[in-house]
Structures are given as structure tokens and as C-alpha cells.
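Structure record follows, encoded as C-alpha cells.
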């Protein structure tokens with residue numbers, strides 16, 4: 087957990103509750119929902135890369151794909167974003183248990199997703215860990231420009247998601263491709279959302295996720 091949070095900052099146990107069965111599945115639950123955390127300093131919403139990924143995914147699956155944009159300032163507040171993502175996932179599992187969830191994030195948003203998936207306990211401001219069994223509702227994970235690559239892929243910390251996670255790093259993106267810090271300025275354009283989109287990585291992730299739905 088501490089290692090994951092430390093990696094996230096590069097971009098900037100008592101009994102756990104169990105899920106109760108809902109009295110009725112809420113009307114309007116989508117068959118699929120993407121829960122996406124935007125990158126640092128992007129405007130509220132899924133962000134440019136998140137929107138490109140969602141649009142591509144919708145074109146590949148014959149299902150309604152709902153969207154939840156993680157509600158956080160997207161400045162340095164990894165724990166705040168992780169709490170919002172986790173609480174929303176738990177709400178969906180309770181109220182829409184048949185909805186297949188796709189978790190994702192870009193840059194700081196990838197760090198948010200890391201914490202949700204890798205932290206089994208409350209710590210460092212994250213106070214809403216996923217209860218046991220939550221993984222059964224998460225169909226896929228898509229991460230872009232993830233700072234945790236400095237300490238290894240997120241699946242090292244959450245092996246249960248190994249076969250349903252795609253992590254993409256564009257070229258020499260200094261956030262996810264450990265390199266000489268002296269090259270960060272020159273390579274920074276490779277971290278930008280537009281670079282990922284132009285390289286076809288939103289579509290690549292959508293192909294992977296579509297195969298899990």
C-alpha cells in the first residue's frame with residue numbers, strides 16, 4: 087500500500103463490510119459502466135483520453151456503456167479520488183449487481199485506480215477499501231501513463247486482476263517509463279493525452295476491454 091501511494095506521488099483492519107443483496111435491482115442499471123479517473127489538471131469529466139477510450143469501447147460492444155467520471159480535484163488528491171471511485175464501485179455493486187464494471191484512469195487517475203485495487207485496508211487518507219468479492223464485479227481495468235510502473239505493474243500488488251488489466255505507456259513517457267530524470271522535460275510530450283490518442287492506445291485498450299465483456 088505504501089509503495090503504491092509512493093508511486094502515485096510521482097505523478098504528483100477490522101472486519102471489512104460485506105455487500106448486502108439489494109431488495110431490487112435499480113431500474114436503468116447499464117449492462118456495462120466505465121468508472122474513469124481523469125489526469126492531473128484536466129477539467130471535470132473522464133478527460134480527453136478517457137472520452138476517447140469510452141467512445142472506442144462503445145463502438146466495439148453491442149451493449150449500453152454507462153460512464154461515471156471520478157469526482158475529485160485532479161490536482162494531487164490521490165486518496166480523495168480513490169475514495170470516490172471505491173465508494174461508487176461499492177454503490178454500483180449494491181444497487182446494480184449485474185452491471186459489469188470497467189475501472190480506468192490516466193496519469194494521476196491511474197494512480198487513483200491503483201490505490202482502489204491494491205489497498206485492502208484504510209491508510210494514508212484512503213478510507214473506503216473494496217470489500218471481499220468486489221473483484222467479481224470488475225470485468226476489466228485500463229490504465230494509461232501509470233506512475234506505479236516505477237515499482238512494477240499494478241498486477242504485482244493485485245494479482246487477482248492480472249488477466250483483466252491493460253496498462254499502456256506511450257514511448258518514453260517519463261511518468262510510466264523509468265528513465266533519467268534529466269530527460270523528463272524532453273520526453274514530457276509523450277505523456278500528454280493527445281499522444282496516447284494519436285498512437286491508437288485508447289483504441290488498443292478498448293479492444294482489450296471489449297474482449298472481457
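Numbering (this note's numbering), first residue to last: 87 to 299. No residue lacks a Cβ here, since even glycine has one placed at the ideal position from N, Cα and C. These numbers were taken from a predicted model, which means no experiment stands behind them.
Answer with buried or exposed for residue 202, where buried requires no fewer than 16 other C-beta atoms within 10 angstroms of its C-beta.
buried
Roughly how many whole angstroms lie between the Cα atoms of residue 187 and residue 275?
31 Å
Which residues in the same chain have their Cβ closer than 8 Å to the Cβ of residue 281, if we skip the five residues on either side of it in sequence?
The answer, listed in chain order, is 256, 257, 259 and 275.
Residue 145 classed as buried or exposed, judged by whether at least 16 other C-beta atoms fall within 10 angstroms:
Burial state of residue 145 is exposed, judged by a 10 Å Cβ sphere holding fewer than 16 other Cβ atoms.
Tell me whether residue 287 is buried or exposed, calling it buried when 16 or more other Cβ atoms sit within 10 Å of its Cβ.
Per the 10 Å Cβ criterion, buried.
Distance between beta carbons of residue 171 and residue 121, contact taken as under 8 Å
That belief holds up - the Cβ atoms of residue 121 and residue 171 are roughly 6 Å apart, short of 8 Å.
Determine whether the beta carbon atoms of residue 124 and residue 136 lie at a separation below 8 Å.
yes
Please report how far the alpha carbon of residue 156 lies from the alpha carbon of residue 118, in whole angstroms.
16 Å
Residue range of the alpha helix (DSSP H) that includes residue 135:
133-146
DSSP three-state assignment for residue 280, whether helix, strand or coil:
Three-state DSSP puts residue 280 in a helix.
Since residue 262 contacts residue 211 with CB under 8 Å, what's their CB separation in whole angstroms?
About 23 Å separates the two Cβ atoms, so there is no contact after all.
Selection from 227, 199 and 279 that minimises the alpha carbon distance to residue 215:
199
Which of helix, strand or coil DSSP assigns to residue 202:
helix
Buried versus exposed call for residue 248 [16 or more other C-beta atoms within 10 Å across all chains shown]
Exposed is the call here.
Among all the DSSP beta bridges, which residues are the ones paired with residue 243?
Answer is none; residue 243 lacks a bridge partner.
Taking just the CA atoms, how far does residue 292 sit from residue 142?
6 Å
Along the beta strand (DSSP E) that carries residue 230, what are the first and last residues, could you check?
224-230
Cβ pair residue 265, residue 134 closer than 8 Å:
no
Going by DSSP, name the residue or residues bridged to residue 158.
In DSSP, residue 158 forms no bridge with anything.
Option nearest residue 294 by Cα separation, candidates 160, 228 and 179:
228
Please state whether DSSP places residue 258 in a helix, a strand or coil.
coil
Can the beta-carbon of residue 312 be found less than 8 Å from the beta-carbon of residue 132?
The question about residue 312 has no answer, for the chain in this structure spans 87 to 299.
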